[in-house]
Amino acid sequence: MAEQSKIPAMAGSHIIGSREAGTLWGLFCLRVRRSPDSVAYRDYDPVVGIWRDHTWQTIAKRVDRFRCALAEERFHAGDRVAILLANGIDWVCLDLAAHASSLVVVGLYAPDSAASQAHILGHSDARLILLDTEARWRELSVYRSKFPLLDRVWLADSDAAAASQTRNPIVRRLVDLLAIGSKLPQPHPEAPSDLATLIYTSGTTGQPKGVMLSHQAVLWNAEASATIVPPRLDDVFLSILPLAHAFERVVGYYLPIMEGCTVAFARSARDLREDLAVVRPTALLGVPRLFELMSAAVAKSVEGSLIRRNLLRLAAAIGWRRFEAARHGRNPDLTTLLLWALLQRYVAVPVLAAFGGRLRVAISGGAPLDQAVARLLIGLGLPLLEGYGLTEAAPVVAANTLEDNVPGSVGKPLPGVTIKLTAEGELLLRSPSMMKGYWKDAAETAHALDAAGWLSTGDLAEIKNGRVFIRGRLKETIILSIGEKIDPNVVEAEIARDPLFDEVAVVGGGRPFLVALIALNNVAWKAYAVDNGLAPDRPNDPMSTAKVLARIASLLATLPHFAQVRAVHLTLAPWTIEAGLLTPSLKVKRDALQRMLAREIDALYAEQRRSRLGPN
């Protein structure tokens, strides 16, 4: 394991360092003492329709009520408590109260399947879960046998039926628990090396693994990340990524506590455009899909006018030229300067105003960023940086900076992080923020971490002048533009269980979701088509694909939400070795198939995009 590394001091910063904080609870207490009346969080109250500010002192009082409620449950130090909520005040308050009580926090993804959530509850041996609604609990209860140790359920929905508590004594309303008003317990002493949280991986090659992160690992990574783009007291972060995600938890939650920034909780993807315009954040964390949507929104805003489209293209091109000149230490030519002065004022500034107009940094991580998207947004003046990390490294490993930004790379390692490449080109790293291991999985831990503390990332990389370029995966893995990683073999094996399908390949690298390419069993398909009133010779008509997608959905019901197939292309012609689509061992040549069906794949994504946007 790498030794604790000293992080360079930042001049003029109000950062509470990892050594000073000691633990996550220690960090919060110091922040409350230093700036009790500053705004810590901002959220939207749907009842009165306004955004509310919460000071650090106000949050501290609510955290104390959570601590009292936890004390009533009489858990033991090290017990796990799970949170299944959208980002918000209650997520933060239970997390902080749990750390004050020496409990280990397990974050669950709200969009995930109930089966996947149930597995994590059982694997982590969670004793308590805080979730949003009674309906959510009913969905989980179907899998009750998978998590027998769970004996407390807190419902955040204040309208939850009181009768449910009578039927099931382990279910309690949060509003009632926080109103008990018992004596405030003393915080349980914790060491920086103690386990703080289990963050579960996506489960690309099977079931998700629980990454064990200590207080020290999380705090060190947050402080080291702050050296990349030093935060400011007046920064406002817009929290979009789930807090169950390591990137959002560390950089979008704990790092703002270190500096005393404000975090505003976005309402939903549907409301994001309005939230950006109202909150006007200065800092934004996202996966590539977020920036793809921003780019698409920019393009859509000018699609009705040829003149506006051309002005947008010209503004992005001139802005990119200006960016490139600055990156190479050159002064832009006079023509570039004059054009940019006009285009920035009349094109770029109005476009970026839709995203609040004062973003000083936006960071993309989790998957490769489409460089066309980067060129457009950076060209218009959005300070967009790419970074790289893994949950196992808590999580940030490398990132570009505003002063040294090379789109297409993921920047240089954090100070204190050491990297190297194997003979195969796999990226290995050592970091003071390394995981303690995988929960209840010594074999996987030994496979990922060697005796010298080097972590195998599974990513193929190239290092140029100390800068990291990610070139792919050592194993065949699809990385969606939303940041999720999927082993296609797992998905394909589930679909192939259906005798209707002879061959299956799922694709989606760099895209927002999976699509399936399927060679049908001709005999089975003809019988199925006749029985269901479909045209046997037109497998890709809307009725046929809808029926097939429904069958696929039932086959993939136990997989996470991001591993579901959203569109399908069906072929009656078999895939053969002679056609160059199968290897001699009868494995599908994914690249050859994608080249052959490139037009059809693009059409599937375009159709889904049109369906989301609806009529103009």
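Under this note's numbering, the first residue of the sequence shown carries the number 17, and numbering increases by one thereafter. Glycine included, C-beta positions come from ideal geometry on N, C-alpha and C. Computed from a predicted structure; not experimentally measured.
Annotation: Leu-322 is outside any beta strand (DSSP E); the continuous alpha helix (DSSP H) that includes it extends over 322 to 343.
Taking the CA atoms as reference points, Lys-480 sits about 19 Å from Leu-490.
By DSSP's assignment, Pro-429 forms a beta bridge with Ala-414. Contact check for Leu-430 against Ser-472 fails: the beta carbons are separated by 9 Å or more.
When the five nearest sequence neighbours on each side are left out, the beta carbons in the same chain lying within less than 6 Å of the beta carbon of Leu-112 are those of Phe-44 and Val-79, in order along the chain.
Here Ala-414 is near Val-426, since their CB atoms are less than 9 Å apart. Within the DSSP bridge table, the entry for Pro-423 names Ser-425 as partners.
Taking 9 Å as the cut-off, the Cβ atoms of Ile-379 and Ala-299 count as close. Counted as a single uninterrupted DSSP element, the beta strand (DSSP E) harbouring His-70 occupies residues 66 to 71. Per DSSP, the beta bridge partners of Gly-488 are Leu-476. Taken through DSSP and simplified to helix, strand or coil, Gly-268 comes out as helix.
For His-585, DSSP records a beta bridge to Leu-533. Nearest C-alpha to Glu-36 among Trp-236, Tyr-404 and Leu-211: Trp-236. Each residue's CA atom was taken as its position, placing Leu-533 and Phe-371 some 37 Å apart.
Met-559 sits exposed, since fewer than 16 C-beta atoms from the chains shown fall within 10 Å of its C-beta. By the Cβ rule, the stretch 380 to 395 does not count as touching the stretch 504 to 520, because fewer than three pairs are nearer than 8 Å. Tyr-125 and Ala-260 do touch by the CB rule: their CB atoms are close to 5 Å apart, below 8 Å. In the three-state DSSP reduction, Met-451 falls in the coil class, being neither helix nor strand. Arg-305: member of the alpha helix (DSSP H) spanning 304 to 316, first to last residue. Of the residues Met-451, Asp-475 and Asp-457, the one whose Cα lies closest to the Cα of Gly-441 is Asp-475. Around the beta carbon of Lys-77, fewer than 16 other beta carbons lie within 10 angstroms, which makes this residue exposed. Put simply, the stretch 327 to 345 does not touch the stretch 254 to 271. Fewer than three CB pairs are less than 8 Å apart. Note on Val-122: 16 or more other CB atoms within 10 angstroms of its CB, so buried under the neighbour-count rule.
Judged by DSSP in its simplified three-state form, Ala-521 adopts strand. Using a C-beta cut-off of 8 Å, the stretch 536 to 556 makes contact with the stretch 582 to 598, since at least three inter-stretch Cβ pairs fall below that distance. In the displayed model, Val-158 falls within coil according to three-state DSSP, outside both helix and strand. Annotation for Gly-549: no alpha helix (DSSP H) segment contains it, and DSSP assigns it neither H nor E. Shortest Cα-Cα distance from Pro-384 to any of Leu-368, Leu-401 and Trp-67 involves Leu-401. Asp-167 carries a coil assignment under DSSP once its states are collapsed to helix, strand and coil. Taking every protein chain shown into account, the CB of Asn-326 has fewer than 16 other CB atoms within 10 angstroms, so this residue is exposed. In the DSSP annotation of this structure, the continuous segment of the beta strand (DSSP E) that includes Glu-442 starts and ends at 442 to 446.
Assignment of Thr-278 by DSSP, reduced to helix, strand and coil, places it in the strand class.
Within its own chain, the residues whose Cβ lies closer than 7 Å to the Cβ of Asp-291, once the five positions on either side in sequence are excluded, are Leu-254, Ala-282 and Arg-283, listed in chain order. For Leu-575, the secondary structure class from DSSP, reduced to helix, strand or coil, is coil.
Judged by beta-carbon spacing, Val-531 lies beyond the 9 Å limit of Arg-606, meaning their Cβ atoms are not closer than that value. Cβ contact annotation for Gln-232 (same chain, cutoff 6 Å, sequence separation greater than five): Pro-208 and Ser-209, in chain order.
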